[in-house]
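Undergrad: Counting from 3, one number per residue, gives the positions in the sequence shown under our numbering.
We put the beta carbon where it would ideally sit given N, CA and C, even for glycine.
Below are the C-alpha cells for one structure; questions will follow.
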Amino acid sequence: MDATNQTHVEINLNAIKANAKAIKKHTGSKLIAVVKADAYGHGVIPVTEALQNIADMFAVATVDEGIELRQAGIQNPILILFSPLPDLAVDIVDYDLTAAVDNWSLAEQLNRVILDRNHQSQPVKIKKAKIHINVNTGMNRCGVRFTEANRFIKDLESLSLLEMEGVFTHFATADENDQSFAQIQLNRFHSVIKNTLNISLKHVANSAAALTIPESHLDVVRTGLSLYGIYPAKEKPVQLQPALSWKARIGWIDYIEPGEGISYGLTFKTQNRIRVAGIQVGYGDGYPRALSGKGEVLIGGIRRPILGRVCMDMIVCRLMSTDNITVGDEVVLIGKQGNEEIGVDEIADHANTISYEILTNIGKRVKRIYK
Ligand SMILES: *Cc1c(COP(=O)(O)O)cnc(C)c1O
C-alpha cells in the first residue's frame, strides 16, 4: 500500500541537517542535539542517523530512549537529561550512556557498577562512567541547587570511577522577551563553574537561548525545537526550515442542505446548501480536538475552515461549489501547499498550547515518510 494514501507526515532530513549546521554556525559552539520524545515526533532513528556526523552528542530524556539509539547502532555520546533512578545504573553503564547526575545515590551506584564491570573484565581494563552534573539555578524541577553544587562536585571526586565530563543548567524563561531571569540563572551558573575549570563541557543554552542569548552559548548548546525548524519565540535571528509536513487525503465529498448540522453535536449549522469534504484524520492521530470550528487546512492551495467538531478519525472542511476538487486530493494540515502555509505555531495557537506539544502528540497511526 502507498503510505501516502492515509494521513502521514513527510520529514525532510536535509532540512534538519541544514538547521543543525546553521545553529552550530550561529553559536560557534558544539552541539548536543536533543532527540527526546521520538525526536519531537520526527522519528528518532532517522533523525539521529541524519545528524550523526553533525551533532557532537545526542540528548534524550530517559534511559530507554538511550538504549533504543544504541540498539539502532548510534555511536555518538548520548546524554540522559534527567537523573535516572539509581536502579538504572547497570543499563547506563552497559549501554555506554552519559547520565545527568543530581544526587549522591545515583553517583554511588554508577561508581559501584563500574567497579563490578572492571572486576569482571579480563584482562582488567579500567573504565569510567562519564557524567554531567545537573545544576538547579532556578527552574526548580531537578538538579543540585547552585549553592550546593560545588560541595556536591567536591564530594563526587571521591568516586574515582566517575568522570565529570559536563556541568549544565536549564533556563526557565529563555523564550520570553524579558531576559532578566535568564541572566540571573546564568550568573548563578557562573558562580558554580568558576570553580570547575577541570570539567570540559559547560552547557545551558536550549533553542531559545542558542538563538537569542549569545553569552549563554559556552562550550556546547543543547537544542531541540530549532533543529526541527521551529522557532521557540518571535525572533528569527537564524534562517531555519520546518522539517515536517502533515498531510491527508480527501475521503468523501458531498453537498449538505440548509439547516442541517455537521459532525458530533451538530455544532455547525448550515445556512445555505454547501459543499464539504470529509478527511480521515482526527484527535486519534494527535490532531487537536481544540481545533473544532477554528482550525483551517489547505486543499487546492486554499485555506479551508474546519466545520464542527474534530472527531477521533475524521474532520469535515468546507469546499466551494466551484472548486475542481475530487476524492483522493491532497490535504495539508501542517506545511505548504501552493502559496499558502500552515505552521505548527498556528495550530498550537488555536489549541492554546505550544508547538512542542503539537509535534510530540502526532500519533503512532501517522506514518513517517522520509525525504
Ligand atoms: C528539552 C530540553 C532541551 C531542548 O529544549 P528546546 O527548547 O527544544 O531547544 C534542552 N535541555 C533540557 C534539559 C531539556 O529538557
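(1) Per DSSP, what kind of secondary structure is P244 in: helix, strand or coil?
(2) Which first and last residues belong to the beta strand (DSSP E) in which T225 is found?
(3) Bridge partners of L33, per DSSP?
(4) Are three or more beta carbon pairs between the stretch 67-76 and the stretch 41-56 nearer than 8 Å?
(5) Is Y358 a contact residue of ligand 1, with contact defined as CB to any heavy atom under 8 Å?
(6) When burial is assigned at 16 or more other CB atoms within 10 Å of the CB, is Y230 buried or exposed?
(7) For Q243, which residues in the same chain have their Cβ closer than 8 Å to its Cβ, ignoring the five residues on either side in sequence?
(8) Would you decide whether M314 is buried or exposed? Buried here means 16 or more other CB atoms lie within 10 Å of its CB.
(9) For the beta strand (DSSP E) holding K338, just list the boundary residues, first then last.
(10) What is the DSSP secondary structure of I327, reduced to helix, strand or coil?
(11) Run the CB neighbour count on R311, radius 10 Å, all protein chains shown included, and call it buried at 16 or more, exposed below.
(12) State yes or no: is the C-beta of S85 nearer than 8 Å to some heavy atom of ligand 1?
(13) Can you tell me whether N274 is helix, strand or coil according to DSSP?
(14) Is G226 near V329, with beta carbons less than 9 Å apart?
(15) According to DSSP, C319 sits in a beta bridge with which residue or residues?
(16) Quick check on the DSSP output: the alpha helix (DSSP H) that includes H192 runs from which residue to which?
(17) Rounded C-beta distance between L112 and I133? I'm assuming under 8 Å.
(18) Considering only DSSP beta bridges, list what D256 is partnered with.
(19) Taking the beta strand (DSSP E) that I371 belongs to, which residues open and close that run?
(20) I want to know whether the stretch 341-348 touches the stretch 362-371 - three or more CB-CB distances under 8 Å.
(21) May I have the straight-line CA-CA distance separating W248 from L81, to the nearest angstrom?
(22) Assuming contact is defined by CB atoms lying nearer than 9 Å, are M166 and I116 in contact in what I supplied?
(23) In whole angstroms, what separates the C-alpha of L268 from that of Q54?
(24) Please say whether I264 and T272 have beta carbons closer to each other than 9 Å?
(25) Do Y289 and L335 have their C-beta atoms closer together than 9 Å?
(26) Evaluate contact between the stretch 54-65 and the stretch 25-39, counting only Cβ atoms and requiring at least three cross-stretch pairs below 8 Å.
(27) So who's on the other strand from L300, going by DSSP bridges?
(28) Assuming I301 and I327 form a contact by the criterion Cβ under 8 Å, report the distance between their Cβ atoms to the nearest whole angstrom.
(29) For K204, is the classification buried or exposed, using 16 other Cβ atoms within 10 angstroms of its Cβ as the cut-off for buried?
TA: Reading off the structure:
(1) Against the sequence shown, residue 244 aligns to sequence position 242. Coil at P244, not helix or strand.
(2) Here residue 225 refers to the residue found at position 223 when the sequence shown is read from its first residue. It spans V222 to T225 - the beta strand (DSSP E) in which T225 sits, taken as one unbroken run.
(3) For this step, residue 33 is matched to residue 31 along the sequence shown. L33 is bridged to V223.
(4) yes
(5) One-based indexing of the sequence shown puts residue 358 at position 356. Indeed, a heavy atom of ligand 1 lies less than 8 Å from the Cβ.
(6) Position 228 of the sequence shown, counted from the start, is the residue given in the question as residue 230. Looking at its Cβ environment, which holds 16 or more other Cβ atoms inside 10 Å, Y230 is buried.
(7) Position 241 of the sequence shown, counted from the first residue, corresponds to residue 243. Excluding residues within five positions, the ones whose Cβ falls inside 8 Å are N14, A17, A20, N21 and G231.
(8) Stepping through the sequence shown from its first residue, residue 314 is reached at position 312. Result: exposed.
(9) Start at 1 with the first residue of the sequence shown, and residue 338 comes out as number 336. K338 -> beta strand (DSSP E) spans E332 to Q339.
(10) Position 325 of the sequence shown holds residue 327. Note: I327 maps to coil in three-state DSSP.
(11) Taking the sequence shown and counting its residues from 1, the one referred to as residue 311 is at position 309. Burial call: buried.
(12) On the sequence shown, position 83 is the one that residue 85 refers to. Outside the cutoff, so no.
(13) Working through the sequence shown from its first residue, we reach residue 274 at position 272. N274 falls in the coil class under three-state DSSP.
(14) Indexing the sequence shown from 1 puts residue 226 at position 224. Indexing the sequence shown from 1 puts residue 329 at position 327. No; because the gap between Cβ atoms is not below 9 Å, this pair is not in contact.
(15) As a position in the sequence shown, residue 319 is number 317, starting the count at 1. Beta-bridge pairing links C319 to A279 and I308.
(16) Residue 192 sits at position 190 when you count from the first residue of the sequence shown. Where H192 is concerned, the enclosing alpha helix (DSSP H) stretches over S182 to I195.
(17) Sequence index remark: in the sequence shown, residue 112 carries index 110 (1-based). Sequence index remark: in the sequence shown, residue 133 carries index 131 (1-based). Confirmed, Cβ separation roughly 7 Å.
(18) As a position in the sequence shown, residue 256 is number 254, starting the count at 1. Looking at the DSSP assignment, D256 forms a beta bridge with V278.
(19) Within the sequence shown, residue 371 is the residue found at index 369, counting from 1. K369 to Y372 is the extent of the beta strand (DSSP E) around I371.
(20) no
(21) In the sequence shown, residue 248 corresponds to position 246, counting from 1. In the sequence shown, residue 81 corresponds to position 79, counting from 1. So the two alpha carbons sit approximately 30 Å from each other.
(22) Here the question's residue 166 lines up with position 164 in the sequence shown. Here the question's residue 116 lines up with position 114 in the sequence shown. No, the Cβ-Cβ distance between M166 and I116 is not below 9 Å.
(23) In the sequence shown, the residue the question calls residue 268 occupies position 266. In the sequence shown, the residue the question calls residue 54 occupies position 52. When rounded, the distance between both Cα atoms is 50 Å.
(24) Numbered from its first residue, the sequence shown carries residue 272 at position 270. Numbered from its first residue, the sequence shown carries residue 264 at position 262. Cβ distance < 9 Å, so T272 and I264 count as in contact.
(25) On the sequence shown, position 287 is the one that residue 289 refers to. On the sequence shown, position 333 is the one that residue 335 refers to. In this structure, L335 lies closer than 9 Å to Y289 by Cβ.
(26) yes
(27) For this step, residue 300 is matched to residue 298 along the sequence shown. Answer by DSSP bridge pairing, in chain order: R305 and V334.
(28) What you label residue 301 is simply residue 299 of the sequence shown in a count that begins at 1. What you label residue 327 is simply residue 325 of the sequence shown in a count that begins at 1. Right, their Cβ atoms sit about 6 Å apart.
(29) Within the sequence shown, residue 204 is the residue found at index 202, counting from 1. K204 comes out buried.
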